[in-house]
Amino acid sequence: MSLLAQLPVIPIIVPLVAAPLAVLMPAEKMGGRIPYIWTTLIAWTVFAACVAIFYSVATVGPISYHLGDWAPPIGIEYRIDLANALVLTLVSGIGALVFPFSYESIRSEIDPRQINLFYAALLICMVGLLGVTITGDAFNVFVFLEISSLSTYALVAMGANKDRRALTAAFNYLVMGTIGATFFVIGLGLLYQATGTLNMADVKFQLAGDNNRMVEAGFAFIIVGMGLKAAMFPMHLWMPNAYAYAPSAVSAFIAATSTKVAVYVIIRFIYTVIGADFDFASAAFAWLIAPLAIAGMFFASIVAIFQSDVKRMLAYSSVGQIGYMLFGVSFGTEQGLAASLVHLFNHGLMKGALFMAAAAVMLRVGSHACSGYAGLAKRMPLTAAAFIIAGLSLIGVPLTVGFISKWQLLSAAFDSGRPWAGFLIVASSFLAVIYIGRVIELMVLKPAPENAPPIKEAPLSMLIPMMILVAANIYFGLNTELTVDLAERAAHALMGAGR
Amino acid sequence: MSIEHLILRVVIKIMFAPILLFALYVQFHGDYGPGGGFQAGVIFAVGFILHALIMGLDETKRVMPIGVLKWLMVIGFLFYAGTGVATMLLGGNLLGYDAIDPASTHHAGQHWGILLVEFGVGMAVASTMMMIFYHFAGREPEIRDEDW
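Here it is, written out as C-alpha cells:
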C-alpha cells in the first residue's frame with residue numbers, strides 16, 4: 342500500500358472506522374476521557390492528512406481517487422482541487438481544535454452516560470462534512486450530507502440535558518434539513534435524467550451547454566435545497582435555535598463548518614456541475630442570489646442587534662455572513678468568487694473563535710444570555726479578550742481576517758462595476774459594529790452583578806484551542822498569501838472549468 | 005406461563021426460524037439477484053420484532069440483549085469498512101475488491117469482496133433495526149408533566 346496514493350481517502354475512512362469504536366468505549370470510566378482522547382487523536386490524524394492533501398494539491402495539482410478501482414464516470418471519484426482542499430483544511434482544522442476543546446464544556450452540558458455516543462456522533466458529523474467536500478460524485482454529496490446532518494440532529498438534541506428547548510430546535514432542524522436534502526436529491530434526479538451520469542465533471546460534459554426545462558428545474562431544486570442547508574436568508578429559521586440550544590462545543594463546530602460546506606456545494610454545483618454560462622445561471626445570480634444575499638446581510642444583522650442571547654445573536658450574524666459569501670458569488674466574476682472563498686474560510690475562523698468563547702462563558706457563568714456577559718473582562722479576561730478580537734474580526738477591523746474578506750469583497754464589487762454593492766457591504770458592516778459592540782460594551786464597561794459568585798478563567802484545555810483560533814484570525818489577516826492567493830487560484834480553476 | 009394469544013404464540017414459534025432462514029437466503033442471494041444486506045437485515049430483524057410483539061419485549065431481550073446488539077452494530081459496520089481497509093492494505097484502492105484475489109481471471113475477488121461487505125451490511129442493519137425497535141418499544145415516558 343502506498344500511503345501517498347491512498348492519502349485522499351484517509352480523512353474519510355479513518356474517522357469512519359474510529360467512530361463505531363468510540364461507541365464501544367466506556368462512557369463513565371475516567372470521566373469519559375477514553376472516547377475523548379481517542380477521537381481527539383483521530384481528529385488530529387485527519388487534520389494532518391488534510392494538510393498533506395492541501396500541500397499536494399497546491400504544489401502538484403488536482404488529485405483524483407477512484408473508489409473500488411472503478412474509473413469515473415462509472416465509479417465514485419474523489420476529486421480534490423484547490424477549492425475543496427481549502428474547505429477540507431478548514432473543516433478538519435476546526436475539528437482538530439474543537440475535539441480537544443470540547444471535553445470540559447461537554448461534560449458539564451450533556452448526560453455523562455452519553456459521552457461516548459457524543460464523540461462518535463461528532464466524529465461522524467466531521468466525516469460527513471469532509472466527504473461532502475472531497476467527493477467528485479454528485480450523489481455521493483447527498484449521502485455524506487445526510488451522514489453529517491443526521492449526526493448533527495442528534496448532537497443538537499443532546500443539549501436537552503441543559504435546556505429542553507434543544508429538543509424542539511433539533512426537531513425543527515430535522516424537518517427543515519430533510520426538506521433541504523429532499524430538494525437537493527430531486528434536483529440530482531433531474532440532472533441524472535437529463536445527462537445519465539452522476540459524476541460532477543461528466544454531468545457538465547454531457548450537458549455540453551445544452552439546456553432545457555429539466556436542467557433548469559434541477560438547478561433550482563439544488564440551489565433551494567442547499568440554500569436551506571446553508572441557511573440562506575429566508576430559509577434560515579432552523580438555525581438560530583439549533584445553534585443556541587446545541588451543546589456549546591457543537592455550536593462552535595457546526596457554526597464554523599457546516600454552513601460553509603453547504604455554500605461550497607452551491608459554488609461547486611454552479612461552476613463545476615452545471616456551468617455558469619447558462620442564461621438561467623446568470624439570471625439566478627442577478628434576481629435570486631444577489632437580492633436574497635443583500636436581504637440576509639441587512640435583515641439578519643438587524644435581528645442580531647435585538648437578540649438577548651449571545652449564541653442566538655451569533656447565529657443570526659452567521660445568516661448575514663452567509664449573505665456576504667453568496668453576494669460575492671453573485672457578482673459572477675473570478676474576483677467575486679475568490680472573495681467568497683476567502684470569506685468562507687475566514688468566517689469559519691471567526692465564528693469558531695466566537696462560539697468557543699461563548700462555550701467558555703457557558704461553562705463558567707452557566708448561561709449564554711447577554712446579561713451573563715456583564716463585567717466579563719474582569720471576571721474572565723482571556724476569554725473576553727478572545728471574544729473581542731474575534732468580534733473585531735467579524736466586524737472587519739484591519740489586521741484581522743475579517744478585514745481581508747471585506748476588502749476582497751469590496752474590490753471585487755468595484756471591479757465588477759457595482760459600486761452600490763460596495764456601499765451595501767460597508768453599510769451592513771456597521772450593523773455588525775452594533776451587535777458585537779453591544780456585547781463588548783457589556784463585557785468591558787458594565788460592572789459584574791454584585792451578587793455574582795467569583796468565577797475562574799476557563800480551563801487550559803479550552804483556552805489553548807480558543808487562543809490558537811484567535812491567533813489564526815490575526816495570522817491570516819497579516820499573511821494573506823495562503824488564503825487570498827490560493828482562493829484566487831481556486832476561483833480561477835473553478836471559472837476555468839466553467840468555460 | 006400464561007396462555008393468552010395462544011394461536012399467535014404458536015404461529016410465531018413456527019414462523020420464527022423460516023423468517024431467519026429467508027433473511028439468510030436474501031442475504032446470500034444478493035450477489036446474483038434482487039436482495040442483499042439491507043433487505044436481509046430488515047427481514048432478520050423482523051423475526052425478532054415479531055417475537056417481541058407477541059412474547060413481550062422482556063422475553064426478546066433475553067434472547068438478544070441490548071449489549072449484544074451494540075456490539076453487532078459495530079462489528080457489522082467494521083466488516084464493511086474493514087473489507088475496504090483490507091483491500092487498501094493489499095494494494096488496491098478503498099473497496100477495490102480485485103486486490104483480494106488479483107491472480108483470478110474471473111474476478112473472484114469481486115465475489116469475496118461483495119459477500120463480506122454485504123454480510124457486514126446485513127449484520128449492521130439487522131442489529132440497528134432491532135435497536136431502534138427496542139428503544140421505541142421499551143421507552144419509559146421521560147417527559148414529566150411539570151416539564152410542559
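So the sequence lines, in the order shown, correspond to chains F and H. Note that this note's numbering has the first sequence beginning at 342, numbered continuously upward. Note that this note's numbering has the second sequence beginning at 5, numbered continuously upward. Each residue gets a CB set at the ideal place from its N, CA and C atoms; glycine is no exception. Owing to the predicted nature of the structure, the values given are computational and were not obtained by experimental measurement.
- When the alpha-carbon of Val78(H) is set against those of Tyr494(F), Val358(F), Met541(F), Ala587(F), the nearest one is in Val358(F).
- Just so you know, the alpha carbons of Ala596(F) and Ala27(H) end up roughly 43 Å apart.
- Chain-ordered, the chain H residues with CB closer than 9 Å to the CB of Val364(F) read Lys74, Met77, Val78.
- Residues of the segment 91-102 of chain H with a C-beta less than 9 Å from any C-beta of chain F: Thr91, Met92, Leu93, Leu94, Gly95, Gly96, Asn97, Leu98, Leu99, Gly100, Tyr101, Asp102, listed in chain order.
- Not a single C-beta of chain H is nearer than 7 Å to the C-beta of Leu496(F).
- Three or more beta-carbon pairs drawn from the segment 682-692 of chain F and the segment 657-667 of chain F are found closer than 8 Å, and the two stretches are therefore classed as touching.
- Residue nearest to Met541(F) within the set Val565(F), Phe524(F), Trp385(F), Arg609(F) is Arg609(F) (criterion: CA-CA distance).
- Taking C-alpha positions only, Leu10(H) is separated from Arg454(F) by approximately 40 Å.
- A direct Cα-to-Cα measurement between Gly673(F) and Ile796(F) gives close to 51 Å.
- Interface annotation, Ala44(H): not in contact with chain F, CB-CB separation never under 7 Å.
- Under the criterion of beta carbons closer than 8 Å, Ile809(F) and Leu438(F) qualify as touching, at roughly 6 Å.
- CA-CA distance, Met135(H) to Thr64(H), rounds to 12 Å.
- Chain F has no Cβ within less than 7 Å of the Cβ of Phe83(H).
- Within the DSSP bridge table, the entry for Ile404(F) names Ile421(F) as partners.
- Comparing alpha carbon positions, the residue from Gly88(H), Gly71(H), Gly117(H), Leu12(H) closest to His139(H) is Gly71(H).
- At a cut-off of 7 Å between C-beta atoms, Gln347(F) counts as an interface residue with respect to chain H.
- Annotated three-state conformation of Ala710(F) is strand, per DSSP.
- Pro376(F) is outside the set of residues whose beta carbon lies under 7 Å from a beta carbon in chain H.
- Interface criterion met: the Cβ of Val350(F) is under 7 Å from a Cβ in chain H.
- Using a Cβ distance threshold of 7 Å, Ala424(F) and Ala753(F) do not count as a contacting pair.
- Under the DSSP assignment, Asn820(F) falls outside any alpha helix (DSSP H); it carries neither an H nor an E label.
- The three-state secondary structure of Thr109(H), taken from DSSP, is coil.
- Rounded to whole angstroms, the separation of the alpha carbons of Thr109(H) and Ala462(F) is 42 Å.
- In the DSSP assignment, the residues bridged to Asn540(F) are Asp478(F).
- Taking 7 Å as the cut-off, the beta carbon of Pro352(F) is found closer than this to the beta carbon of Ala390(F).
- Taking 7 Å as the CB threshold, Gly500(F) stays off the interface with chain H.
- Per DSSP, reduced to three states, the secondary structure at Asp826(F) is helical.
- With respect to Leu786(F), Ile766(F) sits apart: the two C-beta atoms are not nearer than 7 Å.
- Taking Gly521(F) as the centre and dropping the five residues before and after it, the same chain places the C-beta of Gly566, Leu569, Lys570 closer than 6 Å to its C-beta, in chain order.
- Where Ser770(F) is concerned, the enclosing alpha helix (DSSP H) starts and stops at 760-785.
- Distance from the CA of Leu54(H) to the CA of Thr538(F), rounded to the nearest whole angstrom, comes to 41 Å.
- Cβ atoms of Leu548(F) and Gly477(F) stay farther apart than 8 Å, at about 16 Å.
- Spanning the alpha carbons of Phe619(F) and Phe686(F) requires a straight line of approximately 28 Å.
- With a threshold of 16 other beta carbon atoms within 10 Å, Ser746(F) meets it and is buried.
- Per the Cβ contact rule, the segment 433-447 of chain F is in contact with the segment 371-382 of chain F (3 or more Cβ pairs under 8 Å).
- In the structure shown, Asp452(F) adopts coil according to DSSP, grouped into three states.
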